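Okay, structure coming up:
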């Protein structure tokens, strides 16, 4: 039966398979090869204690991806990794088969830094290419944490290509974890992909990362998770720029993001325009949070500093930040004198539809980025002024590229959206003047749509007829919920008028 299934199973796009039984290992190995995930905890009872069935020995060739966790409540026969004999079992297992591991995932509570440190420093993982370390706080942490020695420990990480660091513990106990991660980064001379998700603002030395191409850094700039009125003592924007300076010659992708939500963040105490962003000739993608707080001196950048830049993301709404009130000034004063001819994709997150400058931003964008191919804008807020909504869509109508508009549920109903997209009442006007927009394709995406009556179209609504004609040649609607009768009328109207309108999901 399994052979028949695998014979029809396309594995070309398969990225991961989690092994559930060793009875079909040989058959799976033929089809899946190195795409199988092996979980250490799940096989503790049989393999690691030497009590596995000799008639079905483990197929070590399947072992590529190792998962080691300190707590899995849902796993049957779970044994806590904090017990010494469990630690020794894994140490023996890794020492024997460590040369076969391609990736390792550690997920451990804060009292297990030393276990992770000991395993990674004393066992040779010659073919290890991907390492993920996740640290978190457990309510039942009972074991005291030992300090990591400052001795020059040698990690065999010469083949490591990807390192993912996750620290969900805000207290200063993360210093040991940082010490271990710093040593690994220092000796991973071929590292290409680095992701840091750290609540204690980890600023590692990247001077040895001469091949780093992808760098994603999420940080928590505030002193606590509940008080966002003060910045953390160890957080400065200059430290971020210092890291970028160390990898400026090779970096192609950089994304900075704020971890925790904040409705009213404190303002910076210095002028961001005084910051000096490094020259990064190979950087193609730049993603920055909240231009009003952490723009890293982006306002005065030119193509001389970033000559290869293709994609720009300004995530002003990430984690509920409100940056729209700064956007008008930012675009008008910061970018108005600069042309970014290399940028082909632009994304703005968090445009408040009620902001005084929201409807005037778009024309500036068309001028600043003349060669864009794709533009995505995320709009939030409730529609307090229909006129502002109408004016915004009138300006977006002139977008000369592929346009994606992402709407949050509270903005408007479908009928209100149609009213704005038809630019108010068009009766008495020459519709032919509106029938040819500059855009090539427009997608309207409704984000996080709840199941309530406001999400259902008015069965008697006919405003979409004008909208579907105006917003041609290509219009697609994603995430909307329609009454079946209304949807049927829409489809009939589209077919009758030979329009290019498509619906995706939740019809």
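In this note's numbering, the protein residues as written are 6 to 512.
The beta carbon of each residue, even a glycine, is placed where N, CA and C say it ideally should be.
Because the structure is a prediction, the values reported are computed rather than measured.
Requested in this report: Measure the alpha-carbon distance for residue 451 versus residue 200 and round it to whole angstroms.
Outcome: Here residue 451 corresponds to residue number 446 of the chain shown, with the count starting at 1. Here residue 200 corresponds to residue number 195 of the chain shown, with the count starting at 1. Cα-Cα distance, rounded: 30 Å.
Query - Close Cβ partners of residue 166 (< 6 Å) along its chain, the five nearest in sequence each way excluded - result: As a working mapping, residue 166 is identified with position 161 in the chain shown. Around residue 166: 134, 197.
**Report entry** beta strand (DSSP E) runs contained entirely in the region 183–260, provided each spans 3 or more residues
**Finding:** 198–203, 219–224
Query - Burial state of residue 189, where buried means 16 or more other Cβ atoms lie within 10 Å - result: Position 184 of the chain shown, counted from the start, is the residue given in the question as residue 189. The residue is buried, with at least 16 neighbouring Cβ atoms inside 10 Å.
Query - Distance between residue 491 and residue 223 (C-alpha atoms, nearest Å) - result: The residue you call residue 223 lines up with position 218 of the chain shown. The residue you call residue 491 lines up with position 486 of the chain shown. Approximately 44 Å between the Cα atoms of the pair.
Report task. Quickly, what does DSSP pair residue 379 with across the bridge? List them, please. Result -> Stepping through the chain shown from its first residue, residue 379 is reached at position 374. Paired residues: 350, 407.
Requested in this report: Give the DSSP-derived three-state secondary structure of residue 496 in the structure shown.
Outcome: Numbered from 1 along the chain shown, position 491 holds the residue referred to as residue 496. Residue 496: helix per DSSP, three-state reduction.
Query raised in the report: Quick one: is residue 239 buried, meaning 16 or more other Cβ sit within 10 Å of its Cβ, or exposed?
Result: Locating residue 239 in the chain shown gives position 234, where the first residue counts as 1. The residue is exposed, with fewer than 16 neighbouring Cβ atoms inside 10 Å.
Report task. With DSSP as the reference, label residue 279 as helix, strand or coil. Result -> Against the chain shown, residue 279 aligns to sequence position 274. Three-state result, residue 279: helix.
Query raised in the report: Straight-line CA distance for residue 264 to residue 100?
Result: As a first step, residue 264 is located in the chain shown; it is residue number 259 there, counting from the start. As a first step, residue 100 is located in the chain shown; it is residue number 95 there, counting from the start. Spanning the two alpha carbons is a distance of roughly 37 Å.
Query - Exposure of residue 205, with buried meaning 16 or more beta-carbon neighbours within 10 Å - result: In the chain shown, counting from the first residue as 1, residue 205 sits at position 200. By the neighbour-count rule (16 or more Cβ atoms within 10 Å), residue 205 is buried.
Query raised in the report: Could you give the C-beta distance for residue 380 and residue 344, rounded to a whole number, given that I count them as a contact under 8 Å?
Result: On the chain shown, position 375 is the one that residue 380 refers to. On the chain shown, position 339 is the one that residue 344 refers to. So it is not a contact: roughly 16 Å between Cβ atoms.
Report task. Please name the residue, chosen from 396, 393, 354, 350, that lies closest to residue 375 on a Cα-to-Cα basis. Result -> In the chain shown, counting from the first residue as 1, residue 375 sits at position 370. The candidate whose alpha carbon is nearest that of residue 375 is 350.
Requested in this report: Evaluate residue 422 with the Cβ neighbour count: other Cβ atoms within 10 Å of its Cβ, from every protein chain shown; 16 or more gives buried, anything less gives exposed.
Outcome: Translated into positions along the chain shown, residue 422 becomes position 417. Residue 422 is buried by the Cβ-count criterion.
Requested in this report: Kindly indicate which residue of 241, 317, 230, 246 has the alpha-carbon position closest to the one of residue 258.
Outcome: Locating residue 258 in the chain shown gives position 253, where the first residue counts as 1. The residue with the shortest Cα to Cα distance from residue 258 is 317.
Query raised in the report: Which word fits residue 494, buried or exposed, when buried means at least 16 other C-beta atoms lie within 10 angstroms of its C-beta?
Result: Taking the chain shown and counting its residues from 1, the one referred to as residue 494 is at position 489. Per the 10 Å Cβ criterion, buried.
Report task. Compute the Euclidean distance between the alpha carbons of residue 320 and residue 427, then round it to the nearest angstrom. Result -> To locate residue 320, count along the chain shown from 1; it is residue 315. To locate residue 427, count along the chain shown from 1; it is residue 422. Their Cα atoms are separated by approximately 29 Å.
Query raised in the report: Is residue 391 helix, strand or coil by DSSP?
Result: Stepping through the chain shown from its first residue, residue 391 is reached at position 386. Helix, per DSSP.
**Report entry** Closest residue to residue 173 among 187, 192, 193, 207 (Cα-Cα distance)
**Finding:** Locating residue 173 in the chain shown gives position 168, where the first residue counts as 1. Per the Cα distances, 207.
Query raised in the report: Looking only at its own chain, which residues have a Cβ that is under 8 Å from the Cβ of residue 481, when we skip the five neighbours before and after it?
Result: Numbered from its first residue, the chain shown carries residue 481 at position 476. Hits under 8 Å: 446, 447, 448, 449, 506, 507, 508, 509.
Report task. Using the DSSP secondary-structure output, state which residues sit across from residue 343 in a beta bridge. Result -> Reading the chain shown from its first residue, position 338 is the one you call residue 343. Answer is none; residue 343 lacks a bridge partner.
**Report entry** Length of the line joining the Cα atoms of residue 476 and residue 404
**Finding:** Mapped onto the chain shown, residue 476 falls at position 471. Mapped onto the chain shown, residue 404 falls at position 399. So the alpha carbons of these two residues sit roughly 12 Å apart.
Requested in this report: Give me whichever residues DSSP pairs with residue 294 in a beta bridge.
Outcome: For the purposes of this step, residue 294 is taken as residue 289 along the chain shown, with counting starting at 1. Residue 294 is bridged to 320.
Query - Buried or exposed by the 16-neighbour rule on C-beta atoms within 10 Å, applied to residue 513 - result: Residue 513 lies beyond the residue range present for the chain, which begins at 6 and ends at 512; the question has no answer from this structure.
Requested in this report: Look at the alpha carbon of residue 3 and the alpha carbon of residue 161, and state the distance between them as a whole number of angstroms.
Outcome: Outside the displayed span of the chain (6 to 512) sits residue 3, for which this structure offers no information.
Report task. State buried or exposed for residue 393, treating a residue as buried only when at least 16 other CB atoms are found within 10 Å of its CB. Result -> On the chain shown, residue 393 is found 388 positions in, with the first residue counted as 1. Residue 393 is buried by the Cβ-count criterion.
Query raised in the report: Are there 16 or more other CB atoms within 10 angstroms of the CB of residue 488, so buried, or fewer, so exposed?
Result: Reading the chain shown from its first residue, position 483 is the one you call residue 488. Classification of residue 488: exposed, given that the 10 Å Cβ count is below 16.
Query raised in the report: What first and last residue would you give for the beta strand (DSSP E) that runs through residue 474?
Result: Counting from one through the chain shown, the residue named residue 474 turns up at place 469. It is not in any beta strand (DSSP E) - residue 474 instead sits in the alpha helix (DSSP H) that spans 469–475.
Query raised in the report: Cβ of residue 314 within 8 Å of Cβ of residue 346?
Result: Taking the chain shown and counting its residues from 1, one reaches residue 314 at position 309. Taking the chain shown and counting its residues from 1, one reaches residue 346 at position 341. Taking 8 Å as the Cβ cut-off, residue 314 and residue 346 do not qualify as a contacting pair.
Query raised in the report: Under the three-state reduction of DSSP, which class applies to residue 397: helix, strand or coil?
Result: To locate residue 397, count along the chain shown from 1; it is residue 392. Residue 397 falls in the helix class under three-state DSSP.
Query raised in the report: Do residue 256 and residue 217 have their C-beta atoms closer together than 8 Å?
Result: In the chain shown, the residue the question calls residue 256 occupies position 251. In the chain shown, the residue the question calls residue 217 occupies position 212. Yes; because the gap between Cβ atoms is below 8 Å, this pair is in contact.
Query - Rounded straight-line distance, which links the Cα of residue 125 to that of residue 136 - result: The residue you call residue 136 lines up with position 131 of the chain shown. The residue you call residue 125 lines up with position 120 of the chain shown. Approximately 10 Å between the Cα atoms of the pair.
**Report entry** CA nearest to the CA of residue 164, picked from 105, 123, 113
**Finding:** Position 159 of the chain shown, counted from the first residue, corresponds to residue 164. Of 105, 123, 113, the residue nearest in Cα terms is 105.
**Report entry** Cα-Cα separation, residue 93 to residue 132
**Finding:** Taking the chain shown and counting its residues from 1, the one referred to as residue 93 is at position 88. Taking the chain shown and counting its residues from 1, the one referred to as residue 132 is at position 127. Those two C-alpha atoms are separated by around 22 Å.
Query raised in the report: Roughly how many angstroms separate the alpha carbons of residue 3 and residue 287, rounded to a whole number?
Result: This structure gives no information on residue 3, because the portion of the chain shown stretches from 6 to 512.
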